[in-house]
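J.: Same order as they appear, the protein sequences are chains Y and P.
Position 103 of the first sequence, counted from 1, bears residue number 96 in the working numbering, the numbering being contiguous throughout.
Position 135 of the second sequence, counted from 1, bears residue number 128 in the working numbering, the numbering being contiguous throughout.
Protein chains: 2
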Amino acid sequence: MASADQVGRRSYGGQTSDQRAASRRAALVDAAFALVAEHGWRGLSIEAVCRQAGLNKRYFYESFDRLDAVIAAVTTRLAGEAIAVTLGELEEDAPRDEATRRAIAAFIAYLTDDPRRARVLFGAVPAGDAAAGHRAAAIRRLITTATSRGRSIYALAEDPAVELSAAMLVGGTSQAVLDWLDGRVDCTREDLVDDLVALWHVIGDATMARVVGRVT
Amino acid sequence: MASADQVGRRSYGGQTSDQRAASRRAALVDAAFALVAEHGWRGLSIEAVCRQAGLNKRYFYESFDRLDAVIAAVTTRLAGEAIAVTLGELEEDAPRDEATRRAIAAFIAYLTDDPRRARVLFGAVPAGDAAAGHRAAAIRRLITTATSRGRSIYALAEDPAVELSAAMLVGGTSQAVLDWLDGRVDCTREDLVDDLVALWHVIGDATMARVVGRVT
DNA sequence: GCCATCTGGCATGGTAGCGTACCAGATATG
DNA sequence: CATATCTGGTACGCTACCATGCCAGATGGC
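1) Run through chain Y and tell me which residues come within less than 9 Å of I196(P), C-beta to C-beta.
2) Identify the contact partners of S158(Y) in chain P, using a Cβ-Cβ distance below 9 Å as the criterion.
3) Which one or two residues does DSSP pair with Q8(Y) in a beta bridge?
4) Kindly indicate which three-state DSSP category V204(P) falls into: helix, strand or coil?
5) Could you tell me whether the Cβ of D172(Y) comes closer than 8 Å to any Cβ of chain P?
6) Measure the Cβ-Cβ separation of V113(Y) and A24(Y) and say whether it is below 8 Å.
7) Roughly how many angstroms separate the alpha carbons of A98(Y) and R70(P), rounded to a whole number?
8) Please check if any C-beta of chain P sits within less than 8 Å of the C-beta of A154(Y).
9) Any beta carbon of chain P sitting closer than 8 Å to that of R203(Y)?
10) Straight-line CA distance for G206(Y) to A154(Y)?
11) I'd like the span of the alpha helix (DSSP H) that includes S158(P), first residue to last.
12) Would D11(Y) count as contacting chain P if we go by Cβ distances under 8 Å?
13) Does the distance from the CB of G7(Y) to the CB of L162(P) come in under 8 Å?
14) By alpha-carbon positions, which one of T9(P), Y5(P) and A66(P) ends up nearest to A20(P)?
15) According to DSSP, is F53(P) helix, strand or coil?
16) In the DSSP assignment, the alpha helix (DSSP H) including R109(P) goes from what residue to what residue?
17) Would you verify that the beta carbon of V178(P) is, or is not, closer than 8 Å to some beta carbon of chain Y?
18) How is T105(Y) classed by DSSP in three states: helix, strand or coil?
19) Assuming contact is defined by CB atoms lying nearer than 8 Å, are A160(P) and V186(Y) in contact in what I supplied?
20) Tell me which residues share the same chain as V170(Y) and place their Cβ nearer than 6 Å to its Cβ, disregarding the 5 neighbours each side in the sequence.
21) Counting only Cβ pairs nearer than 7 Å, list the residues of chain Y close to D90(P).
22) For a test of the three-state rule: what should DSSP assign to T93(P), helix, strand or coil?
23) Evaluate A202(Y) with the Cβ neighbour count: other Cβ atoms within 10 Å of its Cβ, from every protein chain shown; 16 or more gives buried, anything less gives exposed.
24) Report yes if the C-beta of S10(P) is less than 7 Å from at least one heavy atom of the ligand PLP; otherwise report no.
25) Is D58(P) close to chain Y, meaning its C-beta is less than 8 Å from at least one C-beta of that chain?
26) Should D23(Y) be flagged as near chain P, meaning a C-beta pair shorter than 8 Å?
27) Measure the C-alpha to C-alpha separation of A102(P) and E156(Y) and round it to an integer number of angstroms.
28) Nearest to D106(Y) by CA position, among E91(Y), L174(Y) and S4(Y), is which residue?
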């Protein structure tokens, strides 16, 4: 495969073969994201993705082998960008509580600046297919990131209660964001972040106390 | 329509026309539930549902007009049964904390006795279609039920913070149950319920304090 | 400018689902 | 028993998608 692909490769439009393929792949992921945001996972098809991207079907198979692959790419990209944005704030050497708030604010901002991001990442699942695990894995990354970096206390124990609180935080935050986007939580985004920060702190503190109390 | 349907109606197999139609409808919902649990929402089709149910396609259109309708029926039934089971425990006139624990335990038991229930209700969404709102509505019923009956404090205010906590509770509980089913939270179901009860109390108390503190 | 490569459009044969309609056997009513 | 109703099975024309292949025009290296 690799040798065959390398037979003919030259620049085109000022881009190398790899760059062009990467651009096309990105265009396909963008197209799939837009289609899912508008019509949901069901009804998504390879041909629809290619139409939306303005690309020949051949270029779909160049980057993906089946529809599940591009679905996985969409969720992976969204989760990755969300994590990157969040971690970017945590790197700042601010007071811990302030850093936590800024991280959550950045996370919420990323998801709600373009509401499609939250709706696609949290509001729809291609379950059952092979890609079902991909979203779970992506959310799992969010949980791990949140628990290992958000507050240091989470890193110290592998207690089931900690895992459970992490799940509560991520699942609860997802639902909260979706409800807020749908207008069921009537407040400003600032207030949304404030309330979420308060809940994260409360849950984190309570979980720490519970685990410590059990160990000692 | 109604008059036309009433032209010919007589008992068959010891059942009235309405009873037979209801049985067929239930069989179709069962079939859709089983298919979704095994293969996910994508790939679900009218013909597949009829095959699984052993019924003619005609009987699908007798009860539903499109695929979204049976999807909505599945989620509605699951949410309704979950709510019924939960409320059944709350009716008992036990001490309030004990009643809360029993209600949560019953809720978790319903979802995990047959893990497909949790996976179908929480782990997959037919988003984008008209049915997208049905799952949201079903979960919304859970939130409303939990907040209006679970702990009396929730009923007194229409504060956004209360709405947000409700979303956190339901979304977080959903994610926690899914994680537990997938073995990512390694504990007994008793411990799961204990931890969830603790989190519900913590979140509820903190929310109450926050709202009261803001009002006064 | 020649030619190999790249690109988009179109065509193919096969599969699957949709919505409707028809048919023959089973069942209940009078 | 005769007749009207109910039932499961099958067939239809239609559309969409899949996976692959071919072709002509565009582009860039030499």
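Backbone N, C-alpha and C define an ideal beta-carbon position, used for all residues, glycine too.
All figures in this text were calculated on a predicted structure; none of them were measured in a lab.
T.: The structure says:
1) M161, G165, L192, V195, I196 and A199
2) G165, A169, D188 and L192
3) Y5(Y)
4) helix
5) yes
6) no
7) 37 Å
8) yes
9) yes
10) 12 Å
11) P153 to L174
12) no
13) no
14) A66(P)
15) helix
16) P108 to F115
17) yes
18) helix
19) no
20) L104 and A111
21) None at all; the shortest Cβ gap to chain Y is about 16 Å.
22) helix
23) exposed
24) Ligands in the displayed structure: none, and consequently the ligand PLP is not present.
25) no
26) no
27) 20 Å
28) L174(Y)
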